[in-house]
Every structure is written in structure tokens, then in C-alpha cells.
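Participant:
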Amino acid sequence: MLSLLLPILPVGPAGTAHAEDLPALADCVTVPVNDYGTAPTATTSAETCKAFTAATTGPYDVFGVAPVEGRRARLAVYDAAGVAVCAAEGACRLTAGDTYRVITDQPTLILDRSSTRGCSPMAPGRHTGALEAPGAIDCLTLSLPAKAHVEALTPLKSPHTVEVVDGTGTKICAAGGLAAHTCELTGPAPHRALVSTTDVEAPTGTYHLALHRTDVPDECQAVPAGDFTSSTPKATVALAADVFSYCFTIPADDHTAHEFVRPEALDGTWINTGGATGEPTRWSQAEHTVLDAEGVRVCDTDCALAPGTAYTVLVRTTLRDKFSLVRRDVTGTAQGCPAQSAVPAGGSSKSGPLGISGTVSCLQVTTDDAADVVYLDSTAQTTVHDGAGRSTRCAGRCTVTGATRYQVVTTASYRPAPTYRLDAMRIATPAGPAPQCARVLNLRDGYGPRTGTLDDQHVADCVSLPTASNDDLWVWVRDPEGTAYTAVASLWDAELNNTCRPERGGSRCTLGAGSATAAPSPSILVLGRSATLTSYRAEVECNADTTRLCGGVPISVSSVSPTSAPRGSLATLTVHGSALSIKDTVRLTKDGTTLTAKPVAVSPDGRSLTVTVGLSVATPGDWSVRVIAFGKVYPVGTFTVTPAVSGLGSYVPLTPTRVMDTRYGINVHRAKVGPGETVSLLVTQGYVPNGVSAVVLNVTATGPSTAGFVSVYPDGTPRTSASNLNFKAGQTIPNLVVVPVINGYVNFYNKAGSVDLVADVAGYYVTDGSGATFRPTAPTRLMDTRDGTGVAKAKVGAQGSVTLKVTGTGGIPATDVKAVVLNVTATSPTAAGFVSVHPGDQSRTSASNLNFVAGQTIPNLVVVPVGKDGDVTFYNHAGSVDLIADLAGYFTMDATGSGYRPLAPTRLMDTRDGTGVAKAKVGAQQTVTLDVAGRSGIPATGVTAVIMNVTAVAPTAGSFVSVFPDGVARSSASNLNFTAGTTIPNLVVVPVVNGKVNFYNHAGSVDLLADVAGYYTS
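4 is the number of the first residue of the sequence shown in the numbering used here; add one for each residue after it.
1. Under 8 Å by Cβ, that's how I've got valine 333 and glutamine 384 pegged, so tell me the actual separation to the nearest angstrom.
2. Just to confirm, is the Cβ distance from lysine 675 to serine 757 under 7 Å?
3. What does the alpha-carbon distance come out to for the pair aspartate 664 and arginine 590?
4. Does the pairing of the segment 697-713 with the segment 764-784 give three or more beta-carbon distances under 8 Å?
5. Beta strand (DSSP E) containing methionine 912: first to last residue?
6. For serine 962, is the classification buried or exposed, using 16 other Cβ atoms within 10 angstroms of its Cβ as the cut-off for buried?
7. In chain order, what are the residue ranges of uninterrupted beta strand (DSSP E) at least 3 long that sit wholly in the segment 572-634?
8. Within 8 Å, do at least three Cβ pairs link the segment 820-840 to the segment 772-791?
9. In chain order, what residues of the same chain have a beta carbon less than 6 Å from the beta carbon of alanine 213, not counting five sequence neighbours either side?
10. Have a look at Cys465, Asp24, Pro236, Gly940 and flag the residue whose alpha-carbon is nearest the alpha-carbon of proline 436.
11. Could you pull the start and end residues of the beta strand (DSSP E) that asparagine 37 belongs to?
12. Whose C-alpha, out of Pro678, Thr895, Ser974, His579, is nearest the C-alpha of serine 653?
13. For threonine 1 and serine 627, what's the separation of their Cα atoms in angstroms?
14. Which residue from Val713, Ser901, Ser851, Leu807 puts its Cα closest to that of lysine 871?
15. Pull up the distance between the alpha-carbon of aspartate 885 and that of asparagine 854, whole angstroms please.
16. Hey, which unbroken runs of the beta strand (DSSP E) at 3 residues or more fall wholly within the segment 145-224?
17. Rounding to the nearest angstrom, what Cα-Cα distance links proline 438 and proline 236 in this structure?
18. Comparing C-alpha positions only, which one of Thr144, Thr914, Gly892, His841 sits nearest to asparagine 879?
19. Do you know how far the Cα of cysteine 52 is from the Cα of proline 26?
20. On the criterion of 16 or more Cβ atoms from any shown chain inside 10 Å, does valine 603 qualify as buried, or is it exposed?
21. Counting pairs of beta carbons, one from the segment 489-509 and one from the segment 576-584, are three or more of them closer than 8 Å?
22. With a threshold of 8 Å on Cβ separation, who are the neighbours of cysteine 553 within its own chain once the five nearest residues in sequence on each side are excluded?
23. Look up threonine 284 in the DSSP assignment and say whether it is helix, strand or coil.
24. In the DSSP assignment, the beta strand (DSSP E) including threonine 102 goes from what residue to what residue?
25. Mapping the DSSP letters down to three states, classify alanine 337 as helix, strand or coil.
26. Alpha carbon to alpha carbon, how far is arginine 195 from valine 65? Give it in angstroms, no decimals.
27. Pairing CB atoms from the segment 75-88 with CB atoms from the segment 148-168, are three or more of them under 8 Å?
28. Just the Cα atoms here: how many angstroms apart are aspartate 102 and valine 318?
29. Sort out for me which residues DSSP pairs cysteine 1024 with in a bridge.
30. Taking contact to mean 3 or more Cβ pairs, one atom from each stretch, closer than 8 Å, check whether the segment 951-971 and the segment 1002-1017 are in contact.
31. With DSSP collapsed to three states, give me the class of aspartate 1014.
32. How big is the Cα-Cα spacing for threonine 41 and alanine 241?
33. Under the rule that 16 or more other beta-carbon atoms within 10 Å means buried, what is valine 462, buried or exposed?
34. Let me know the secondary structure DSSP gives aspartate 790 once reduced to three states.
35. Compute the Euclidean distance between the alpha carbons of serine 831 and serine 611, then round it to the nearest angstrom.
36. Alanine 49 and threonine 33: beta carbons closer than 7 Å?
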């Protein structure tokens, strides 16, 4: 088709075109006003200006029509003065006798909408007509009274459209399909149906129209009452070739309160082939509506029906030849619905076969009480009807209440799975959320993680959450590894609204102002399956601040208990209030000093928060307690720090420093200590302050003239039988000593011969709580240069060092560690030498920890401060040597450990005379157990560890001894190493379990002695 580009005419004021810009009327081709049903008017002239005269006053349709496709386009209309009386949109109101112009190169179709010229009469029933020319519009005059209700129907999928107008041409309704409401013939007669097409591929040809009056009884086929059995009664219709609509009647005295109504296919004529496999899927090629006696639409498929009222069902199809209409009772009297009970929360599932596409099936779900809330989740499309027929559409999952029986109608979808699954679970009872649902008492911190697996025997999980209006929650449900999105979350409020929507890989659940009360009321979180087998890890997060807390309970604080604790202790405090959180901060302040407590636990209802706070640096007096939540401060009250408990020591580590050397007269006379002589050392000078309760010294005997032993004991007390060092003539041997300090002095006694003594201080204990507390550990190997444990696999060379990271390993925390207790063993040295252990960030002093000769294996206990990077360094003076370090415990400033109480050295065990244990040597791979609790000043309870000087005497073979807590498996750690015939001591710190400690001998037989130096207690 040739289309011309027309000039755009200038438009003047009030929408007028300048007359001189329009062709004169005399130059325009005159065209007629068309009759309905006639072809558009084509002209032989190339003139684009066309003039026509209106015969009546009223609305007109003025179109330009594409001559082949029949596509109509409205034209702008100008009067004789060149005024645009209507634009190219909508009907145009014209005056009788006036002449008008249009500009178009297409055929024109000009219709008087009030005219009946060309109209054919049509009574209720079927009508077949034809559009004779592209773009033509047919007119049918309806032989019906005013106010009548009608449906003017075309076949399903028909390209023809119908418009119903009154006698003035005013549109009443669009028709052709089943509308939400039937068409009422308002306005003046005659009422007409205008028929046209939108099909540009076939703009002419036959059309079909059916006129049904819906507000008066009609002779329609009755539909029998049906059910969900395979032999259900149905109304079957065989239609003639030109029949595409039909009416049915639901008798007034033969229906229930709620029915499921729909047309259904009978045979392969209505089978579409779906999918690559060509599997048939039945879809009824029809649509329908149910009308009451007044012609008002009531429903389509899911129909609530009033008692004693007849209904009309209109169906339109695609001119196929056969279908049936079926109505099924979906109230509590429904037949063909196998019953299943709603299971308790977390119960099993129900499954069954699905028919081909479009078929329906029914299950009846029962529950004990009408106030029960039943959660339903199905893999098929379902509609749920209660006993009275009230319905709920289930798009996968829904909840219902108000009945004891529910009919669940399942429709097989396009290309359905072979079977469906229906989970029916009781999530609430008249008493509230089902007892199987986990109950959450406080939602401020959210909830979870909650884990589990859903399958046919455990169909869903439920949790009762104390929600309030405007709560905003995130629910994250993933697999146990925290990756894939698995179970589906739904949160049902008090009105049984699902408040969740998918968002950002989780579920955003928002309770509106009307979905729950301002005070907490339970909403039920259901985790349902998204697959046959679903393992899940679910967490609920609360989007909250001080103005909006989930659960509706405001933050408040009322008191703290206890109200006091001694300095140096680890105080456990409980803050009481409401909506408390493990995320809250509790602080104690006094005179510009602030202590921040460590949260431990919050009660399930959020009414108590337990914290711990170390009081090592807390000065005695009243401290203010405050809780900080969301940046807001809530004062609690005061907490009193009392003076430290007398006699219970906390440890202050020092860089190892030499404080005595009889060879050079350091702090004592320059002379060997003779037989039976005692030398006294003032330790409270320089590094150790006055008032300490005990001091830790590494004492070394060197150059003895004969075999003997040395005892170190507090000044002003009688010496006991306990010893600390045993040596042979000419030997140099160290041992760690923890000794009480009285009057600022400690004493060193030499039994025989003469010997030089050296003492290096490692730290001291104070009783004011300002030091670190001790955390004993089961013996654990942290370093072994022989196999690369902890450090590189290589001996430490002459004047070489190796650094060991100790924090964050072997049970030692990553922070707040002041010092570690290690049993260090030198083995296979190639030359005589010594080893010094010092903090990793400090230079080595003249102090030493181990002394050895070539080929010797010898241990010694070491207490060493930890460097700022959490490490300690081991220095070897000469030759090369393998070093081993076994952890015995650590000191921490967080006050979580134990305090130390020194004792006068006392012998607890001697296998030579039966002290503490049986009188017998300890044989190869044998263990002897020593009761320590309740003996020699050690309390019967509350003891966490003891310090003992353990001595091996007269071993028959080279071996080692391990000292370890009772009830715990022995590790590879050792405490003493010896050769046959030697006597050797070593200080041991060992945890006390069941009030006992164990001593294991590896080879040969040996006598063992144990002298207690003190104990740790919490």
C-alpha cells in the first residue's frame, strides 16, 4: 500500500487551523457517511482532502482504513471554518447539516453511532455473520428490553470484538468474553452490538456471536451434583460445528454451600501436546462463569452458593465438539476425598499420584479442634476448603483454622510430576503454638542457629517467636555449610498472614501495624521443605535500634548482683532488667578508670545478662555500673570492690634477672656455702617489692665438692626435710623454686661439702590482686626441635636462638597472656653449655635456666613472660642441642585463673618410706597416684593445681617420669629425665583432678619424692 506523507497543518488559537492552510471545500472529494456493514469509501482521486455532511447531531466514528489489512485509525475532523472539532482519538460529536473535512489518503469509514442503518436484528441465541470488507463494522440490534442483563459472547480465542451501545451510540460495555459483570442495557433503545475484528491477517470473513440473557430463567441443562470419585456425575454436551457457548443450571435445591465448578475435556479432541516428549496434557479449552438469578457474576471455579438459590453457568469454547461441566461438593460432606490427620509439628507427609494436566483430586485433612491452626505445604496447586466451604488458595503453602475438616483440592499443572506431596502439620492449638514448636522468649538478639533435616517423616520445623507490630526480621535458611538456600521460611502472624517475602537470598519478614499487637504475641516460623531431602541451618536476625526492638519489649535495667567482690578476683555479675542482649556492653567506672566486662550469657527471656570482670587493677570502693545498648547508656547502680583476700597471690612475671651469685658476691657474701651452712638472701630489693607473698627463683648449684642437696625455704621458719636441688661432686644443675617470702628474705641450706649457689628471679606473687592469675593445663608439648614441633626441625647451634609462638596454641588464648609455665628439656647436647629462656621481644640477660654437659638429657621448669607478639625465645650458649618445651599452664590478666597460696615446703610423697603412697619403687611403665587434696595445708576442695618439687632417686635404668592430672590420659610430655644411679629433682606444676595427681615411670625402677611448695585455687 502506498502511503503519502501529509503536511502538518499549523494550528491557531483554541485548536483552529488557519483556513488558508486547508484545501477549500470545493477542492475536497465528497464522501458519504457509511452504513454499518459496508466497506470503507475509497476514491479514485489522489486528493487527500475529503468532505462529508452529518445527517444527525451526535457521536460519529471517523476512521481512515488501510485497504488490505483493514486496520482503522481515527482521523482529526475540521469544520468549514478550519476548526479542529475533534482530534484523532475517541468518537467525534458532529452537528446535523454541517459539512466537515478530513485529511487522509486512505479509504474512509464514517459511522453515525446513533444510526441503525445497516443493522440486523438479533434475539437471544446464536448468530453467524460476516465482515464483507476489510475494516468494516457490523451492527446487530438487540431484541431485548431496557435494563436486561446480557452476555454477548464470541468463541474463545476469537479475534472478533464486540461493543454494546445504546440508542445514542454511548458505549455500555465491551463484550465478546465473560466479563466480571454482565452487561446491563441502560440508556435509550435501540441497543446494538457492534462487531469488528483486530485480525489484520484475515480482516474479512465469518464471525460467531451468542447472546445470553442472564437475569431471567433460561432453558439450560441442569448440572448434576458431583464428587471427586472417578465415576462422578457430570453434564456432557456435544456441540454442533457452529456452537461455542452453552448455559447450564445449578438447581436451587440441589447444591451445597461451596462447590468446585469447571468444564472438563472428555477425549483426545481437547488434548494439547506438551513438552519435548509429546506427553498429552489436558487443558479444557473453555472459560466459564457462574451467575446468580439477577445475572450478577458470583464466581468461576471456587463457588460459595447461597441455599435455595439457582445459578446459571455460562461456558464459551473454541468451537470444539464436546465437553462436560462438573460441579463437586467441597464442604465437609465431600465424597472421594481420602482422609488424613494433620500431624503434630514435625510429623510425616502424605503423597499420591497426579493425573494428566488439568485433572483434579481431593484429600480431606482433619484436626482435633476447630481452633487448631494447620499448616499446609504442597508440591501441586491446591485450594483448601473448610467444612462450611470457605476457601483458601494455597500457592505452595498456607495456614487454615476454624474447622476440624478441610478439603484440599489439587489440580495437576501443565506437565505435572507423577506424584504430589502434601504436608499437613498442626502448628497451633487453642492453647497457643503447638508444644512441638520451639519457644523463643526474647527476640532482640534474633534466634538460632537451628539445624535439622526435613524429609517425609519430618516434614517441617516450627518455632514460636514473640513478635510485635512493626517487627522487621531476616530469616536465613541455608544448608549446614552455610551455602545453598534450602528450606523455605514462612512466618505466620496472629492473623495467619505470611509476613515473609524472598529477598537477598533469604526471607524478609515484616509484621505490619495490623499483623500483631504492640505487646509481644507469638508468630510461628515454619521451615518447610524445598526438596525431597532438606538439611538446613536457620537463623533469625532482628533489624532493630533503640526506638524499634523486635518483640516489643523495651530495654531496661533494674539491678546488679552480687553487689561486691574482692580486688584481684574474677567477679561474675548478673544484670537484671528486660530485653537484655549478649551484645550489650557492661562497664564499671570509678575516678576516671573504666573496666569493661566480658559477656558470658543472657537468659532466654532477656531478663538477666551474666558478665565477668577482672578486678586485678580495681581499687577498693564503689564503682558505677552501666549498660550500653545501641549507644545509649542505662545506669544500673553501684558495685563495691573490697580489699583483696589475704594470702591468695597473683603473679607478676619479670624478665629473668640474676639476684644472687656466691661466686661474685652478688647480694650475699662472696664464698661457697659450706656443709650445714645457710645463706639468707634479701629478695625485696631492686626488682621485687616489699610485701610479696612468694618469689620464683631459678636456683643453680655449681662446683660442689661432694654429693649433696640444697633446700630453699622462707626466712623465720624451721627447715623441713624437703629439698630442692640434688647434685654430685663437680656437677652444675639448676632447679626452679617457688618459695614464700617472710621478712623479705629466703634461705638457702647446703647439706654437705661446699657449693656455689646462683639464683635468677623469674617473678613474684602479690596478695593485692594486681597480678596475673594462673590457668593450669594438662601437659602439652609445644616445641620439639627433633621433629619440628612448633619450630624448625634442627638443633639449636652455639649462641643461636629459636623463637616459639605460644599464644593461640595448646589451649593458650591469643590475648591477655602474661607468662607461660614450660618444662624445658635439653637433650643430646654436643658440648657443655646452658640455655636461657626469655621474652621474645626482649634482650637476653645473664640469667640461665638449664645447665648441661655433653650427651646429657636434663629438664627444668621455666616461668617466662610472653613477648608482645606472643612468643618466647630459647638461647643456647655452646655446642648444639635439641630442646623440648612442654606446657604446664599460663598466667592471664583477665582474672579467669587461680590465685596462689604458698606453703612451707612439705614432703607429700616418698616411695622409700611409704609417705603418701605404698613403700615401693615405681616399676617400668607403672603409675603411682598421690592424694594431694586435704593434706599438708592443701584444701580438700577448690584446688586447681599444685606446685611440687619432684625428685627421682636411685633409678635402675635411664628413663623419664611424667607427672599428670588424675583422670586424664598421659601425653608425650615429661618432667624428669635421668640415667641409672642419678638423683635429680625438678619443679612441677600439675593440675589437680579428683584431688589427685599421677606419676608415671617409663623404664627400670625408681624411687620418687614430692615436696609441695604451694597450690592454686579459684
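Heads up, the beta-carbon is just placed ideally off N, CA and C, and yes, glycines get one too.
Facilitator: If we stick to the structure as given:
1. About 15 Å separates the two Cβ atoms, so there is no contact after all.
2. Taking 7 Å as the Cβ cut-off, lysine 675 and serine 757 qualify as a contacting pair.
3. Each residue's alpha carbon lies about 48 Å from the other.
4. Touching, per the Cβ criterion.
5. Residues 902-913.
6. Under this definition serine 962 is a buried residue.
7. As far as the segment 572-634 is concerned, its whole beta strand (DSSP E) runs of at least 3 residues are 573-581, 588-593, 596-599, 601-605, 611-617, 624-632.
8. The segment 820-840 and the segment 772-791 touch, with three or more beta-carbon pairs separated by less than 8 Å.
9. Closer than 6 Å at the Cβ level, and outside the excluded window around alanine 213, lie Arg129, Leu156, Ser248.
10. Measuring from the Cα of proline 436, the nearest candidate turns out to be Cys465.
11. Bounds of any beta strand (DSSP E) do not take in asparagine 37, whose DSSP letter is neither H nor E.
12. Measuring from the Cα of serine 653, the nearest candidate turns out to be Thr895.
13. A query on residue 1 cannot be resolved here, the shown segment of the chain reaching from 4 to 1021 and no further.
14. Selected option, being the one with the closest Cα: Leu807.
15. Each residue's Cα considered, the two are about 13 Å apart.
16. If one requires a minimum length of 3 residues, the beta strand (DSSP E) runs lying completely within the segment 145-224 are 152-156, 163-168, 174-178, 195-200, 208-216, in chain order.
17. Approximately 44 Å, taken between the alpha carbons.
18. When only C-alpha atoms are compared, the closest one is His841.
19. Going by the C-alpha atoms only, they are around 7 Å apart.
20. Exposed, since its Cβ has fewer than 16 Cβ neighbours within 10 Å.
21. The segment 489-509 and the segment 576-584 do not touch, with fewer than 3 CB-CB distances between them shorter than 8 Å.
22. Listed in chain order, the non-local C-beta contacts of cysteine 553 below 8 Å within the same chain comprise Leu446, Arg447, Gly449, Thr470, Ala471, Asp474, Asp475, Leu476, Cys545, Asn546, Ala547, local neighbours out to five positions each way being set aside.
23. Reliability fails at threonine 284, whose pLDDT of 42 lies under 50, so the model's placement of it is uncertain and no value is given.
24. Taken as a continuous stretch (DSSP letters only), the beta strand (DSSP E) holding threonine 102 covers 102-106.
25. Three-state DSSP puts alanine 337 in coil, outside helix and strand.
26. Distance between the alpha carbons of valine 65 and arginine 195 is about 19 Å.
27. Not touching, per the Cβ criterion.
28. The question names aspartate, but residue 102 is threonine in the sequence shown. Valine 318 has its alpha-carbon roughly 47 Å from the corresponding atom of threonine 102.
29. Past the edges of the chain, shown from 4 to 1021, lies residue 1024, and the structure says nothing about it.
30. By the Cβ criterion, the segment 951-971 is in contact with the segment 1002-1017, since at least three pairs of Cβ atoms, one from each stretch, lie closer than 8 Å.
31. Strand.
32. When rounded, the distance between both Cα atoms is 36 Å.
33. Looking at its Cβ environment, which holds 16 or more other Cβ atoms inside 10 Å, valine 462 is buried.
34. In the structure shown, aspartate 790 sits in coil (DSSP, three-state: anything other than H, G, I, E or B).
35. Going by the C-alpha atoms only, they are around 58 Å apart.
36. Contact flag unset, no.
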